[in-house]
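Listed in order, the protein sequences are those of chains A, B and C. Just so we're aligned, residue 1 is where the first sequence starts under this note's numbering, counting upward by one. Just so we're aligned, residue 101 is where the second sequence starts under this note's numbering, counting upward by one. Just so we're aligned, residue 595 is where the third sequence starts under this note's numbering, counting upward by one.
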Amino acid sequence: MSDAMLYALAGAMLAGCGTYGLLTAGGALGRILGFNILGGGVFLIFGAVARRGAGAGLAADPVPQALVITGIVVAFCATALAVALLLRLKAADGAGEEEP
Amino acid sequence: MSALLVLALTVPLLGLVPLLLAGPRVGERAALAVLAIGAGLCVAVGVAVALSGRALQYFVAGLAPPLGIGLRADGFSAAMMGMSALVLALTAFYAMRAPGAGAPRMPPAFFMLLLALASALNLAFLAQDLFTLYVALELLTFAAVPLVCLDGKPGQLRAAMTYLMFALFGSVLYLLGVVLVYGQFGTLDFARLSAALALAPPGWSFGAALALMSAGLMAKAALFPLHLWLPPAHAGAPPAASAVLSAVVIKAPLFLLVRLWADLAPVPMAQAAAPVLAICGAGAILVCGVVALAQVRLKLLIAYSTAAQIGYLGLMFPLAAGADAYWSALAWTGGTLHLVSHAFSKAAMFMAAGLIAEVFGHDRLAGLKGAARVAPLSIAAFGIGGLSLLGLPPSGGFTAKVMLLTSALQQGAWWIGVVVLAGGLLAGGYVLRLLVLALQRPEDGTLPAARECGWRAGIALALAFGAVALGFLPLAPLGFLSIGRPIAWEGLAP
Amino acid sequence: MSGFLTTPPLPISVAPEALLLLAIAAPLALALAMLAPGLRRLVPRLLILAPLPALVAAVAVPRGMSVLVAPYPFRFTLALDGSGALLLGGAALLWMAAGAYACAYMRKDPARGAFATWWALTMAGSFAVFLVADVASFYLAYALVSFSAFGLVTHDDTPEARRAGNLYLALTVLGEAFLIAAFVMLASGTSEANPLIRDAVAALPTSPFRSAIVLLLLAGFTLKMGLFPLHVWMPLAHAVAPVPGSAALSGVVVKAGVIGLLRFLPDGVALPGWGEALTAVGIFTAFYGVALGVTQTHPKRALAYSTVSQMGVVGAVIGAALASGLPGAFPIAAFYAVNHMLLKGAMFLVAGLAMASAPARARQAALIAGVLGLSLAGLPFTGGALAKYAIKIVVPDGIAGFLLTLSAVGSALLMARYAVLVTASGKERQTPPGGILLPALALAALALAVPFALFAPVTGLPLAAAFSGDALAKGVWPVALGLALAGLLAWRRWPLPEVPAGDILHAMGPLAALWRHTLDLAVAADARLRRWPVAATALIALAALLAVVAR
């Protein structure tokens, strides 16, 4: 089994776990975690694809690496926004405000 | 000319500077001015595309793909850019506080998000590779989610949370699809992908990639049965925010869905997948349309109507993927026209609903008897916008409906025609419900003393008339939409 | 055939095209004038004059004149043909008289401005349906007259009016759906997206969708005409509107359905099966309307059922023309429709007059009502007799012809009932608003006289033909029998239980229950689908499904 395959399988497992978490998690925090695990899995698969797709004779395809980094930044922003929302939600719920 | 594309992306962001540095009053005006300039730029792009008859293209930093990033405006993109920029600019105008009026003031954050939306939308309409589109979609989501919860009420926050998480789920699936495409072709650029696809028939992994991307886009567009987040998010947001969310934000993923299946996917693959999209569309029109009739609050009714109306685009896929060039072009024109006229009429309806709610202090339908007496312009805007949803002439909705019906008829897709007609009936139900109530005589003492804000109702009315004006397009494939696409519609005989 | 149908009585040479446009534009301009506060007070007075261009157009514009108001891609074409001119002229007369009546009748009504707006819009739409010549504009005009009439129906805003209005609106939307489907199929037979109605209809007999088109057209237009079983809205809606509104609804608005059938079905081409079916439905409706109308206790409801019955006759005539393929039959149906238009309008105005008068005055009004009723039933030497005689040309003696003659018995019976109800509708110590007497009388006189002027040009027969001994005998016995029946009913005092207006609607409880069930089901399904685990699973499943089908 090649390295790339190992990474890809690990990525697939992570993605599976993340998806399971997203489907079953009861609360928002669980979903945020699920999203992150799923995202991690996808990035790992992307890395493996980069390795495998480096058929052009390079040691590794640099484009996916750049894309993965961008993707991680985006996912991080998303997580930050989600957590911020979650905190606001907790605060608002805690204050006992009622909907109009 | 092609520098226009970069300007369309960057100019809206310039408006952030005065919003951050100067006071809110100056900032708001600057934002409005910048959005107006942005609308001018988008219209200029459309004019340039129409005059040259070719797509505008721009490579960032002069680097062509695979290393560089390409921006490209064809007729379809230009139409969507023009529509979204106009709606955004008018919404900003609507959201500016009326001098002396007691309308609630939109925070500066609203204008910042509006500017961010303008830029992200243009990126989604212009970007030429799948990953840049992913970034554009994420930017769009990050700008749209806070719009849902601007007032910070718990209900809004919950709706925003659901929206964000579901959209993120969708975008991860989209990204997975992008990864699969890259693994197979080693490129994400549309033009290079098309060239590669033309050489060899794609394998199952390309189909899987398209499926994943489509599912992700459908989640972001809230196409039935993935519409869980839309009604609470669009109904809970402040009216100006609802207007942009319902009118333009969900149109970007729909636009990309069309791009994927109509421009990128090989025809047999698109034909195979189209029925699934059409069934989702039919489900949206029928289920969400019926549920809209059961709503007791006006904004929820409009939100469900949005969830129902985007179904028409789903119905377009099997028709546009049809074998006959003319009827597929007609269906394509009808679908696009529906997208655009729905944007105008839905923005008008949400704005009108906001003004009505301002006057009455609530938006429960049962309490809106006699609304036409205190908010005549708003009711007129709602009614005229609703005309388009009902598919009555003259309106873009009517023209789009006739195009879809004709195409369905000519291609023997009877069931699609029946769903289009049923959708019109349901739309009649939910649009006329408010109008009938508004025209009734109110019970004594239930009518509020306040009156609608006239000039903001005027903006809603202008948008509604925009939807009406689209009804004057000829009932034939619009050549403009085919500019820069693989197939040209010039000289198509019926 | 000559005269009114082929050449106008008073041809004009100055801008006849502009006149056609002005016929529609004048009432529209009045409706728009309501937007200007300065003009608002003037509008109700001008309602009397708004139909004038339409009247002049009907009398003076050359037949066959067609105007392309807006060129491609807008395409808005007007044209005047024989049937259109008949209905346009009749409608203009009715709108004028009813407008004058409304002006006086609604003087104290605080919401008369809104009424005037709806009135002008309905008028514009009604003129437009008689004049437009291309399919898309017809759809627009038809929608305008249908939706504006809602404002007339619900003007009084009582619970009954609201209910009637909602039903009317729901069925109107349904009718629009039928028609757009039919029009799209029709247009597919031509090379243009928005063909002239003429061209589209020419392609109908060879269309691959012929059956579907004819079925949808019949459904859409007979809904407006109130043919069984789509008549349920009419007795409700026509009875709740203000009196002049009822006159316009029953007189003119239902004729939008008639002109629809005349325009969109091929004249002189047999459509076997469809013609017979329409005749059967029409004849059944003619009797059904009478049977239910006789039980009514309010003159306006009795009149509404009479409209149902009379539109059944028109439907049967058109059906017979379709069955035989007799050319030139459609103007005769239009002639019958015009006769009904003016009579029914006058009857509503007279009923309104009686209802606002003292009993003595009401009895005088009942006299006029009786004369109008006899004309509708076809008593010889009345205008109605000419209309009845004319339709015999299309529906010759035979089962259908005999049944139509028999329906005149019913008409006479129902009209007697109407006259009796009018007699009883006066109340002590009330005087009618000044100014409603004259328009009612004028319209009544016109209704009795106009058919005499039109008979010869429409049928091509001399007026004397309708007064031959044979024709007189054929005309007298149904009326005599009907009156005898009415007398018998009155003498024996048989209790006729009043059938609630909307009749079979009340048997549609299960349908309403089904709809509520659907609503609940959809709401429940939506709530389930919108739960996170379900939606998230649906997302994954959708991706998998797409991947499988797009292999």
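Think of the CB as a built atom: it goes at the ideal place given N, C-alpha and C, for glycine as much as any other residue.
- Among the residues of the segment 12–23 of chain A, those with a Cβ less than 8 Å away from any Cβ of chain C are Thr19, Leu22, Leu23, in the order of the chain.
- The beta carbon of Val396/B sits closer than 8 Å to those of Arg464, Leu465, Ala466, all from its chain and outside the five residues before and after it, given in chain order.
- Here Leu135/B is near Gly115/B, since their CB atoms are less than 8 Å apart.
- Among the residues of chain A, those whose CB is under 8 Å from the CB of Pro1127/C are Leu23, Thr24, following chain order.
- Met628/C places its beta carbon 8 Å or farther from that of Ala730/C.
- Inclusion of Pro165/B and Arg292/B in the CB contact set at 8 Å is warranted, their separation being smaller than that value.
- Within the segment 505–582 of chain B, the complete alpha helix (DSSP H) segments at least 4 residues long are 514–539, 554–569, 579–582, listed from N- to C-terminus.
- For Phe193/B, the enclosing alpha helix (DSSP H) covers residues 175–195.
- Gly919/C and Val863/C have their C-alpha atoms some 4 Å from each other.
- Sorting Ala1106/C, Leu843/C, Trp713/C, Leu855/C by C-alpha distance to the C-alpha of Phe815/C places Leu855/C at the top.
- With the criterion set as a beta carbon lying under 7 Å from some beta carbon of chain A, the members of the segment 266–286 of chain B are Leu268, Phe269, Val272, Leu275, Leu276, Val279, Tyr282, Gly283, Gly286, in sequence order.
- Collapsing the DSSP output to three states places Asp1097/C in a helix.
- Sequence-ordered contacts of the segment 215–232 of chain B with chain A read Phe231 [C-beta pairs closer than 7 Å].
- Looking from the CA of Trp1126/C, the closest CA among Gly11/A, Ala10/A, Thr24/A belongs to Thr24/A.
- Rounded to the nearest angstrom, the Cβ distance from Leu688/C to Leu936/C is 6 Å, consistent with a contact under 8 Å.
- Counting other Cβ atoms within 10 Å of its Cβ, Ser844/C reaches 16 or more and is therefore classed as buried.
- Ranked by Cα distance from Val989/C, the options Ala1118/C, Ala950/C, Ala914/C are led by Ala914/C.
- Note: Arg397/B is bridge-paired with Arg464/B in the DSSP secondary-structure output.
- The beta carbons of Ala735/C and Val726/C sit closer together than 8 Å.
- The CB of Ala500/B never comes closer than 8 Å to any CB in chain C; the least such distance is about 12 Å.
- Runs of the alpha helix (DSSP H) lying entirely within the segment 1–47 of chain A, each at least 4 residues long, are 3–24 in chain order.
- Below 8 Å, too few C-beta pairs join the segment 805–822 of chain C and the segment 743–759 of chain C to call them touching: fewer than three.
- By the rule that beta-carbons nearer than 8 Å mark a contact, Leu293/B does not touch chain C.
- Contact with chain B is absent for Val83/A, since none of that chain's Cβ atoms lies less than 8 Å from the residue's Cβ.
- Boundaries cannot be given for Gln228/B, as no beta strand (DSSP E) includes it and DSSP labels it neither H nor E.
- Around the beta carbon of Asp991/C, fewer than 16 other beta carbons sit within 10 angstroms, so the residue counts as exposed.
- Around Met261/B, the beta-carbon contacts reaching into chain A at under 8 Å are Ala28, Ala82, Leu85, Leu86, Leu89.
- Residues of chain C with a Cβ closer than 8 Å to the Cβ of Thr506/B are, in chain order, Val778, Ala781, Ser782, Ala787.
- Residue contact with chain A for Pro254/B: present (Cβ-Cβ distance below 8 Å to some residue of chain A).
- Each of Phe231/B, Ala423/B, Ile385/B, Ala259/B was checked against the Cα of Ser342/B, and the nearest Cα belongs to Ala259/B.
- Each residue's CA atom was taken as its position, placing Gly887/C and Phe858/C some 30 Å apart.
- For the pair Leu830/C and Tyr1012/C, the CB atoms are not nearer than the 8 Å cut-off.
- Three or more beta-carbon pairs separated by less than 8 Å link the segment 179–188 of chain B to the segment 337–354 of chain B, which places the two stretches in contact.
- Closer than 8 Å to the CB of Val767/C there is at least one CB belonging to chain B.
- The alpha-carbon separation between Ala457/B and Pro476/B amounts to approximately 13 Å.
- Out of Pro1094/C, Ala743/C, Leu1079/C, the CA that lies nearest to the CA of Trp1088/C is found in Leu1079/C.
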